[in-house]
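Here's the structure we're looking at; comments come further down.
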Amino acid sequence: MKFFDFKKNKKSYMCPLMNNHLHFSCRDALEPCCSANIGPAFVSKLSEKNSITGFIEAKKQYIKMLKDGKIPAECNGCVHLTEYKEVSDFRINKITLNHYTQCNCACIYCTQGNRTHEKIKEDENKPVLFDVLKFINELYDNNLIDKEKLYIDFQGGNISCLKNHEEIIKTFLNRGVGTIYIPTNNIVYLPVIEKLLVMKKGELCTALDSGCRETYLKIKQVDKFDKSIENLKRYISAAGNDSIIIKYIIVHGYNDNLEEFKKFMNKMLDINIKIIVVDIDYRDIIDGDFTIPKHYYDIIRYAEEFCKEYHIDLGIPPYTKQVLKQGYSKR
Ligand SMILES: C[S@@+](CC[C@H](N)C(=O)[O-])C[C@H]1O[C@@H](n2cnc3c(N)ncnc32)[C@H](O)[C@@H]1O
Ligand code: SF4
Ligand code: SF4
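Residue numbers (our numbering): 3 to 333.
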């Protein structure tokens, strides 16, 4: 801690996301982060703006506030806050694209809100909130990007429903990018994803959540299990399996049984998947009011043993690990 901070008897803080990240959010805003906390907005009403460079002034103000020991209300209690450390590089090294919510399926657990067949239909003609490409180019034009490190995270709805996704990806590739992470339901095969995987610039993550058509249909509300598997096989034969991640989100009453999970793991072995992530439906754990049933641990144990035997990487997100360790409600 610096002398002046000590003298004021105040703590100084910082947030790495505030320093180096940008989140184009579906709240029509540019924010520093996409975390459990919704951080302060740097710029609001993006759909009415032609430029975002004003975000630098807002960012400076928040960084100074934190350094002076004042925590913005939106950051209160956030796990990303740390003690202040001198930083000299404020260029952007991660951009999260979350400005679209359109999707061609309807996972019953989706964090984008209650999804229905009607919503899928509506999404086909729903325009995006704002033109993100204009702002991305502006960031490059003003040398605000760390081109080597830049990590792009396509969140939002589903990338295949974002009409100019190819143009966005090509802009990143032409202007400089590290890695482009694409979470997708994988129902539509996208040549640009294949290209990214072949170039070793992309990571693909699909939550399959099931080992058969029937369970997939119940969870995703579309009959596309076979299509998704077929697309995975196509990507693997073109680009290998080292950047393909398949997720199984345990959803209470739908796929939380060992029999389904065994089917899933055998399918993964079949198509040569090397990275599996097991997660728990956020809706159950987000407010800490959920007792983890015993059979969830059986599924996790089975995953560990299976992955060890077949040399598959098994990932469990840190927050989920914490919840599993705790075992039940924090209340
Ligand atoms: C909202 S989705 C957007 C990207 C893409 N449509 C997809 O599903 O992969 C972002 C990520 O959040 C995950 N997700 C959404 N709702 C969740 C929930 N209730 N519990 C756990 N993960 C969830 C999805 O599996 C996906 O990996
Ligand atoms: S402290 Fe948390 S809420 Fe605030 S900007 Fe950082 S990540 Fe976002
Ligand atoms: S694929 Fe992604 S965006 Fe679409 S409903 Fe499922 S979780 Fe939501």
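No residue lacks a Cβ here, since even glycine has one placed at the ideal position from N, Cα and C.
All values reported here derive from a predicted model rather than from experimental measurement.
1. By a C-beta neighbour count over all protein chains shown, 10 Å radius and 16 as the cutoff for buried, is Q328 buried or exposed?
2. Check E150 in the structure and name its three-state DSSP category.
3. Taking only the alpha-carbon atoms, compute the straight-line gap between K229 and I189 and give it to the nearest angstrom.
4. Closer than 6 Å to a non-hydrogen atom of ligand 3 - does that hold for the CB of Q223?
5. If you follow the alpha helix (DSSP H) that H25 is in, where does it begin and where does it stop?
6. In terms of residues, what are the limits of the alpha helix (DSSP H) holding V200?
7. Using CA coordinates, which residue listed in K62, G41, G213 is at the minimum distance from A75?
8. What's the gap between the Cα of G56 and the Cα of Y304?
9. Can you tell me the Cα-Cα spacing of D315 and M267, whole angstroms?
10. Below 8 Å, how does it come out for the segment 63-83 and the segment 95-114: are there three or more Cβ pairs, yes or no?
11. Near ligand 2, which residues have their beta-carbon less than 5 Å from any of its heavy atoms, given in chain order?
12. May I ask you to report which of helix, strand or coil DSSP gives T55?
13. May I ask you to verify whether the segment 258-277 touches the segment 202-220, counting CB pairs closer than 8 Å and requiring at least 3?
14. Buried or exposed: which applies to K4, given that a residue is buried once 16 or more other Cβ atoms fall within 10 Å of its Cβ?
15. With distance defined between alpha-carbon atoms, name the residue in H297, Y142, T322, H23 nearest to H82.
16. Counting C-beta neighbours from all protein chains within 10 Å, is the total for K323 16 or more, i.e. buried, or is it exposed?
17. Starting from D315, follow its DSSP beta bridges and name the residues at the other end.
18. Measuring only from the beta carbon, is A209 closer than 6 Å to any heavy atom that is part of ligand 1?
19. Which value, in whole angstroms, describes the spacing of the CA atoms of F137 and S53?
20. Since T293 and Y256 should fall inside the 8 Å C-beta cutoff, what is the C-beta to C-beta distance between them, to a whole number of angstroms?
21. Assuming V194 and K149 are in contact, meaning their beta carbons sit under 8 Å apart, how far apart are those beta carbons, in whole angstroms?
22. When the Cα atoms are used, what is the spatial distance from K72 to N139?
23. Pick out every residue whose C-beta is nearer than 6 Å to a heavy atom of ligand 3: which are they, in chain order?
24. Any chance you could list the alpha helix (DSSP H) runs of at least 4 consecutive residues sitting entirely within the segment 157-191, in chain order?
Reading from the atomic positions:
1. Translated into positions along the sequence shown, residue 328 becomes position 326. The residue is exposed, with fewer than 16 neighbouring Cβ atoms inside 10 Å.
2. Translated into positions along the sequence shown, residue 150 becomes position 148. It is coil, neither helix nor strand.
3. Mapped onto the sequence shown, residue 229 falls at position 227. Mapped onto the sequence shown, residue 189 falls at position 187. Roughly 6 Å between the two C-alpha positions.
4. Walking along the sequence shown from the start, residue 223 turns up at place 221. Not so, every heavy atom of ligand 3 lies at least 6 Å from the Cβ.
5. The residue given as residue 25 occupies position 23 in the sequence shown. Where H25 is concerned, there is no enclosing alpha helix (DSSP H), although the beta strand (DSSP E) it sits in stretches over 23-27.
6. Walking along the sequence shown from the start, residue 200 turns up at place 198. Per DSSP, V200 belongs to the alpha helix (DSSP H) from 193-200.
7. Against the sequence shown, residue 75 aligns to sequence position 73. Residue G41 is the option with its Cα nearest to A75.
8. For this step, residue 56 is matched to residue 54 along the sequence shown. For this step, residue 304 is matched to residue 302 along the sequence shown. The straight-line gap from Cα to Cα measures roughly 51 Å.
9. In the sequence shown, the residue the question calls residue 315 occupies position 313. In the sequence shown, the residue the question calls residue 267 occupies position 265. Taken atom to atom, the span from the alpha-carbon of D315 to that of M267 is near 12 Å.
10. As far as the Cβ criterion goes, the segment 63-83 does not touch the segment 95-114, which means the pair count is below three.
11. C17, L19, M20, P34, C35, S37, N39, G41, C77, C80, H82, L83
12. For the purposes of this step, residue 55 is taken as the residue at position 53 of the sequence shown. Correct three-state label for T55: coil.
13. yes
14. Locating residue 4 in the sequence shown gives position 2, counting from the first residue. Only weak support exists for where K4 lies, its pLDDT of 48 falling under 50; the value from the coordinates is given anyway. By the 10 Å Cβ count, K4 comes out exposed.
15. Residue 82 sits at position 80 when you count from the first residue of the sequence shown. Comparing Cα-Cα distances from H82 to each of H297, Y142, T322, H23, the minimum goes to H23.
16. Stepping through the sequence shown from its first residue, residue 323 is reached at position 321. Exposed is the call here.
17. Position 313 of the sequence shown holds residue 315. DSSP, once it has assigned bridges, lists I277 as partnering D315.
18. The residue given as residue 209 occupies position 207 in the sequence shown. Distances taken from the Cβ of A209 to the heavy atoms of ligand 1 include one shorter than 6 Å.
19. Taking the first residue of the sequence shown as position 1, residue 137 is located at position 135. Taking the first residue of the sequence shown as position 1, residue 53 is located at position 51. Approximately 7 Å between the Cα atoms of the pair.
20. On the sequence shown, residue 293 is found 291 positions in, with the first residue counted as 1. On the sequence shown, residue 256 is found 254 positions in, with the first residue counted as 1. Not really, about 18 Å apart at Cβ, beyond 8 Å.
21. As a working note, residue 194 is residue 192 in the sequence shown. As a working note, residue 149 is residue 147 in the sequence shown. About 19 Å; that fails the 8 Å criterion.
22. Taking the sequence shown and counting its residues from 1, one reaches residue 72 at position 70. Taking the sequence shown and counting its residues from 1, one reaches residue 139 at position 137. A direct Cα-Cα distance of roughly 33 Å separates K72 from N139.
23. C105, C107, A108, C109, C112, Q114, R117, G159, N160, N187
24. 167-177
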